[in-house]
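Numbering (this note's numbering), first residue to last: 1 to 128.
For each residue, glycine too, the CB sits at the ideal point set by N, CA and C.
Computed from a predicted model, the values in this text were never measured in an experiment.
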């Protein structure tokens, strides 16, 4: 899964400007997360057409970084994220970013970025 990340000066209307630019190009946002620290905003997006969205947002003046996340299927029960986190830690892999994309009756779909996604794929092969 490709995630687009925008790092920008935090301001009123930032998300409105981002979503407006995408909407004008008929690009649907499937996931969005926004964090702010001091005067900086970090916006994470998942869209159906990442290359078109990146081009659109770059043209609108935003600095956009794209990265490929792992998609994991975890059973929806206590301790599952702990198992995954421990397997990665024991293999010397740092989790840089993780969030739930979807939750069904008995499982959760999570997006994860690590310090070594190729190695993480091997360690977590039963969750992919």
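Can you tell me the Cα-Cα spacing of residue i and residue j, whole angstroms?
i	j	result
residue 71	residue 38	30 angstroms
residue 93	residue 82	14 angstroms
residue 54	residue 32	14 angstroms
residue 62	residue 127	34 angstroms
residue 131	residue 12	Since the first and last residues shown for the chain are 1 and 128, residue 131 lies out of range.
Would you mind reading off the limits of the alpha helix (DSSP H) that contains residue i?
i	result
residue 57	50-59
residue 86	80-90
residue 121	117-123
Could you spell out the range, first to last residue, of the beta strand (DSSP E) harbouring residue i?
i	result
residue 97	95-103
residue 46	40-47
residue 24	Looking at the DSSP string, residue 24 is not in any beta strand (DSSP E); the run it does join, the alpha helix (DSSP H), is 14-24.
residue 128	Taken as a continuous stretch (DSSP letters only), residue 128 belongs to no beta strand (DSSP E), as it is neither H nor E.
residue 113	107-114
Which whole-angstrom value is the C-beta distance of residue i and residue j, which I expect to be below 8 angstroms?
i	j	result
residue 21	residue 60	4 angstroms
residue 7	residue 58	At roughly 13 angstroms, the Cβ-Cβ gap does not stay under 8 angstroms, so residue 7 and residue 58 are not in contact.
residue 2	residue 50	4 angstroms
residue 114	residue 125	Between residue 125 and residue 114 the Cβ distance is about 14 angstroms, and since that is not below 8 angstroms, they are no contact.
residue 100	residue 112	About 10 angstroms; that fails the 8 angstroms criterion.
*Pair every Cβ in the stretch 37-55 with every Cβ in the stretch 81-90, then say whether three or more of these pairs are closer than 8 angstroms.*
The stretch 37-55, when compared against the stretch 81-90, does not touch it at the 8 angstroms Cβ threshold.
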